[in-house]
Every structure is written in structure tokens, then in C-alpha cells.
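Residue numbers for the sequence shown follow full-length UniProt numbering, beginning at 1 and rising by one. Following: one structure in C-alpha cells, then a few remarks.
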Amino acid sequence: MPQRTPPTAVHLVFPGVTEARLFPYLSLPMLVAYLRRHGVTAAQSDLNIALTHRLLEPVALKERLRLGGLDEFDETLLSFAEQRHDLLHRTVVRKETTTLPWDVGFRLVNNVLDIMLRGSALTRTVTSLPEVFPLAEREPAADDLAARRYDDLTLAALADRPARVLGLSVAYFSQLAPAFRVARLAKQRDPGTVVVLGGQQLMMRGAELAARPETFRHVDALVTTQGEAVLRRLAEAVEAGRPLDAVPGLVTAQGGGTPAPEHHLADNPPPDFDGLPFSSYLSPEPQLPLISCVGCYWGRCTFCSYGNRSRGRYQQLTQEQLADHVEHALRRTGARFVAFVDENCNLRLVLGAAELVRARGHTFSWSTRNRLEPLLADRAFVQRMHDAGCRLMSVGYETNSQRLLDLVDKGVRADLYERIVELLDEVGIVLRLSVMGGLPGETAEEARASREFLVRNSARLGIDAAQMMIAEPTSLLASEPRHRVGLTLADGDTLQSNSGFSYLAGRHGRAIAYEGTSREERADWLRETVRVVLPGKNDEKHPRWKKAGGARPTDELVLHPWIVPLEGRLIDLRWRMRYGIGPGHVTLRSSGAVHRLTARTDQGRRLLGLLKEADVGDHN
């Protein structure tokens, strides 16, 4: 009789559902590497990317089509995705060169996922923390295909990697209900499994969650600090049969025990991605996420829960240590692009490490996340960044009003913004902004001036996201709103979110009570910014925003693969748009998956010219 393989000591899981599909979220690879270095057997599973892949399979798409309740666009897109699954998969998942440009395939995939997840218990909007728990308890409805697939994937992962300790890393608010769902299934499968929740949401909301009995229905403990040393001690305690209360840093239903063990980022080895589908995330090429620090060296922006929480506890690697991490990870993964995913990169540190790695003979490109530091107004420094491989910079943009920047203690100079944007553009570093609205005390005139700055520079930057300011737990905005920025926060459990701006409502926090202009009016200012700013370097830009010299009549047009002809009209699956094709003026001919429009009249030639300008097709 074959012997059973002994269970893994720790199985770490990244639950659904988030937009973190481009590359692995870094918490699991960092924790796994640390545990393995210290002799703890550890496995890792990313349920978020696993669900992504599962929902794109033809069998899932067919089932969703059978369930019905779809509009014309949704049904056409799902039918296309089911019939052309191999094309989408090769383009976006396997990253092969196909007839479908990657950016088009990526947008189609995201459109498909939005449909597949719509109405699921996994993505239900909640307006308070207590609403999370019932969503985790429910068995999936018959028509909730996404939740059923998620539960199946959870049970399969638990069976494939049985473990004494199951750790759930919850980075985003949208993962809370799915994480508690995993905990329920784990306890149903094996009540002896020790289930622990950690991650950024637990660092922010640990006290709130610990105060609710529902939290511990299927969860044994919470980790509200850095998890490396705590998980190591937990694995040792479970192996020795010691009670959880004896583990430093764990919070149980009985309360918090002794403080967490001291731990520094420099004690971590390079992250270990073994066990994750590294090459099958949805970035255009495999991207290697790395961090150089824990916390933010500035840490004073009043709306930033992460930075505020790290004040006095900031940690960073040396340039040599970071260079070693980069070199090791490049060798292990084969990646050629590194995404430094610190909340606020120390640019001198990252640049120095990149130069060291390149001096060792490695060629790679990289991106950063940082503020518009005064340092970036130095041409020589910016040129060094580009020469060392920096190609992309992601930056938060709140306003170009120095009064408001000082009010939220941003620590940057608005009078340097224009020069910084120009320099980055000139040397070839793409600038992408996450634009924030809802600043305290902002006037309509200040909002307009900030918008005009973006309009003036729209050819030099891109906008990746827009969001309203949120009073998240552990931020100075939430703990000292009146003292810090002259705001008051509403009482009660109701949470304010970025519904309508961010994926699955984004950040959640206490409702801000603005004086004078309401939050909704301020949100309109932000919507107007998104509407009028036409970022020249943002790939997600409809052709109608391109500067065109006027449509030229044409005799023939071969439709792009993502344009589907339907009874006298064309459906553009990328942009969710419909175009009439003028009966009697053009002829449609199809050969397999290739569709060709030919003009029959002068009006038809003009129509085909307009369709070409809208990037519906090309001449061949």
C-alpha cells in the first residue's frame, strides 16, 4: 500500500479576486523563500491567476453562454473568446506573436473576465466590514459560475498541497470575502488545518477584524505585522504541538499574545517563485516584481496608510543586497524586465543597484513607483536612470497646487513638475500617473488648474488610474482628520470606496464629510479630468482621440480579428462599439476568420475611409 506524502508545513495562498494579474504578487514568493531558507517546507498557490485562466477556458465560456442573460456585445465577445480561445491564449498567456496585438488581446481578456465575474459572490460590492462574512459563508448559486470554479480550484489546491498551516495573504479589500471563503473550505476539508490571515489588509484592519467573532469562525489567527518570522515560529509551534497563544505576533480570538519577533528585510533571501505559473501572468513579457524597502522613507503623506504605518520602522536593502536579489531572480526566472513595486522607491538606491547588476553583465529593463521627487529635475540623474535601463515610472498625482500638497504633507515641489515631465519624456522614460481627486479644501479653480497641467502635458504622460481620496485605517487622515487636514469623518460601519473609479471599488475607508462642495461634485471634477485629458503615451486610447489628417476614401478594408460583422453592423470587441456598414454601399465577404469589406459606391468608399480611421481594419 503506497504511503501518503506527509503534509507541507506551510501552504501560502493568494486569494482572488484582484487586478493583480500582470505578475505574481510578491508577498508569497518572499515568505516562501524565507521559510525554505530556515528549513520549513513551504508551498504557494495563486488562486487569483488560477481563476483567471479557468474562466478563459472554452468550457467555462460555453457554460456562461448557456446561462443567458447577456446583451448583444457580451454574447458576441464570449462567443468570439470561445471560438478563438487558442488565439487569445497564445497572445496573452503564452506571449506569442499572433495576428492579435498583445494590447488588444489583453483588453479583450479583461472584457471577458468582467463578464464572467459579473454578479458573482466573489465580486459583490460591500459597504461595511460585516457584509464580508455572509458572502464567504454562502454556497455558490447555480448561476454563479465564477464562485463555483473558485471553490473547485480552492479544493484542488488544498488537496494537491496539504499543509498543517494554511496562510492567506490578503492584499486588497476585494480579497477579504474570497479569503474567508477559502478558510471555510479548508476547515470543512480538514478541521485540523491551522488557518492564518495576513497581508496588507490585516495590517490595516487587524484590530477591526479581531474585534468581530465572525472572523474566527474558520480562522485560527491573524498576523498583523511582517509575516516572515511569525510564520516560522508558527510552523515550529505546530510541529511541536505547542498552543497558538505561545507564538509571538499571532492574534487569536483570545487576543494578542507577545509582540512579533524582530525582523528586517535584509534577513530575507531573494524571493522564490517556484510553484507559481511565472510565465503565464498577463504582462506582455514576464515581469519580475521586487522590492528594495519596507515602508516609505517619507511616510508623511496624510492619506497614505502604508507610509504612515511605517513611520519610524522604515527598512531598506543596501545597493549590493538589492543587486544580489535582482541578479539571482533574473537567473532563476529568465525575466528581462524588473518591476520595483515599492510604494515609494528610493531612486538613488534602485539606480545604484541597477548599475551594479548591469556592470556584472546582465541586460534588463526596469520600472519604478515613486513621487515626482525634486531629484528628477536633475537631467544628469534622469539620464543615468535611462542609461541603466529605467523605461517606466508610475507616479501618484494629486494636484499641482503647492498649498494643497503642503496640506497633505506630500513633500514635493509643484513648481518642478513641468520640468520633471519634460525631462522624463526627453530621455525616454514613460510616465504613467494615478490621479487622485477629493483633496481636502480643494477649490474648483485649483482642480481646474491641476487638470489644465495634465492637458498641457498629455503628449508626455499616460493616465493609468483615477481614484478619490479614501480615509483608510492606519492613515493619519483616518486617525487625525481634523488636526491634519481639517476634515471630519462619518461615524458607523459604512465604508466609502472608489466604486465607479477603481476595479471592484478599490480602497475602502471611513466616509469623509467634506465642508462646502460635496464628494460627488468633487468626483465630477475627477471624471472631467479623465474625460478631457488625452494621454499620448497611454496604450488604452481609442483611435478617435488620435490626431488624424481626415479620413481618406478607400475601396477595400480587411477587418481586424476583433471586429465581428453582424447583420449590417460591425461589433468592435475591444472598445464595445458598434458601426453601421451601409447596406447597398459595401459588400462583406468572409473566408474563414477573415472578413473583407469592398466599396460598391462613392458613399461606400467614404464609409470605409472612416472605418479605417477608427482602426476597424486595414488594406491588407
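Note that the Cβ used here is the ideal one computed from N, Cα and C, for glycine as well.
- Take the alpha-carbon of Leu155 and the one of Ile115: they are about 24 Å apart.
- When secondary structure is reduced to three states using DSSP, Tyr503 falls in the helix class.
- The DSSP assignment places 194 to 198 and 221 to 223 as complete runs of the beta strand (DSSP E) inside the region 166 to 251, in order along the chain (cut-off: 3 residues).
- In the three-state scheme derived from DSSP, where H, G and I count as helix and E and B as strand, Gly299 is classed as coil.
- Here the region 44 to 61 lies against the region 261 to 278, with 3 or more beta-carbon pairs under 8 Å apart.
- Between Glu442 and Thr399, the C-beta spacing is below 8 Å.
- Per DSSP, Val530 lies in no beta strand (DSSP E); the unbroken alpha helix (DSSP H) holding it starts and ends at Arg519 to Val532.
- Runs of the beta strand (DSSP E) spanning 3 or more residues and lying entirely within the region 333 to 362 occur at 337 to 340, in chain order.
- The beta carbon of Ala329 lies closer than 6 Å to those of Pro270 and Leu288 in the same chain, with the five residues before and after it left out.
- According to the DSSP assignment, Pro134 belongs to the alpha helix (DSSP H) that extends over Val132 to Glu137.
- Annotation for His508: the continuous beta strand (DSSP E) segment containing it runs His508 to Arg510.
- If you look at Tyr306, you'll find it in the alpha helix (DSSP H) that goes Ser305 to Arg309.
- CA-CA distance, Ser174 to Val238, rounds to 30 Å.
- In this structure the region 302 to 310 lies against the region 465 to 481, because at least three pairs of beta carbons, one per stretch, are closer than 8 Å.
- The residues Gln287, Pro289 and Ser367, in chain order, have a CB closer than 6 Å to that of Ala339 in the same chain once the five nearest residues on each side in sequence are set aside.
- Per the coordinates, the alpha-carbon of Gln383 lies some 29 Å from the alpha-carbon of Leu265.
- Per the C-alpha coordinates, the member of Ser502, Gly227, Arg242 and Leu495 positioned closest to Arg527 is Ser502.
- Where Asn110 is concerned, the enclosing alpha helix (DSSP H) starts and stops at Trp102 to Leu117.
- Distance from the CA of Gly609 to the CA of Pro553, rounded to the nearest whole angstrom, comes to 4 Å.
- Under the DSSP assignment, Pro565 falls outside any alpha helix (DSSP H), being part of the beta strand (DSSP E) whose first and last residues are Ile563 to Leu566.
- With a contact defined as Cβ atoms closer than 8 Å, Ala511 and Leu487 miss out at about 11 Å.
- For Arg118, the closest of Asp74, Val350, Glu285 and Arg482 by C-alpha to C-alpha distance is Asp74.
- Restricting attention to Ala513, Arg531, Arg460 and Gln402, the CA atom closest to the CA of Arg451 is found in Arg531.
- For Thr587, the pairing in a beta bridge is given by DSSP as Thr598.
- Here Tyr34 carries a helix assignment [DSSP, helix/strand/coil].
- DSSP places Ala9 in the uninterrupted beta strand (DSSP E) bounded by Thr8 to Phe14.
- The C-beta distance from Val132 to Ala177 rounds to 5 Å, short enough to meet the 8 Å contact threshold.
- Comparing C-alpha distances from Val412 to each of Leu375, Phe381 and Tyr514 shows the shortest one belongs to Leu375.
- Sorting Val223, Ala179, Ala171 and Glu373 by C-alpha distance to the C-alpha of Pro134 places Ala179 at the top.
- Residue pairing by DSSP places Glu556 opposite Thr598 in a beta bridge.
- Its chain contains Gly307, Ser310, Glu343 and Asn344 as the residues whose beta carbon lies nearer than 6 Å to that of Cys296, once the 5 sequence neighbours on both sides are disregarded; these appear in chain order.
- The alpha carbon of Pro162 has as its nearest neighbour, out of Leu87, Val10 and Arg36, the alpha carbon of Val10.
- Here Asp220 is buried, its C-beta having at least 16 other C-beta atoms within 10 Å.
- Contact between the region 136 to 151 and the region 584 to 603 is absent, with fewer than three C-beta pairs closer than 8 Å.
- Pairing Val92 with Phe106 gives a Cβ-Cβ distance under 8 Å.
- Here Leu431 is not near Leu407, since their CB atoms are 8 Å or more apart.
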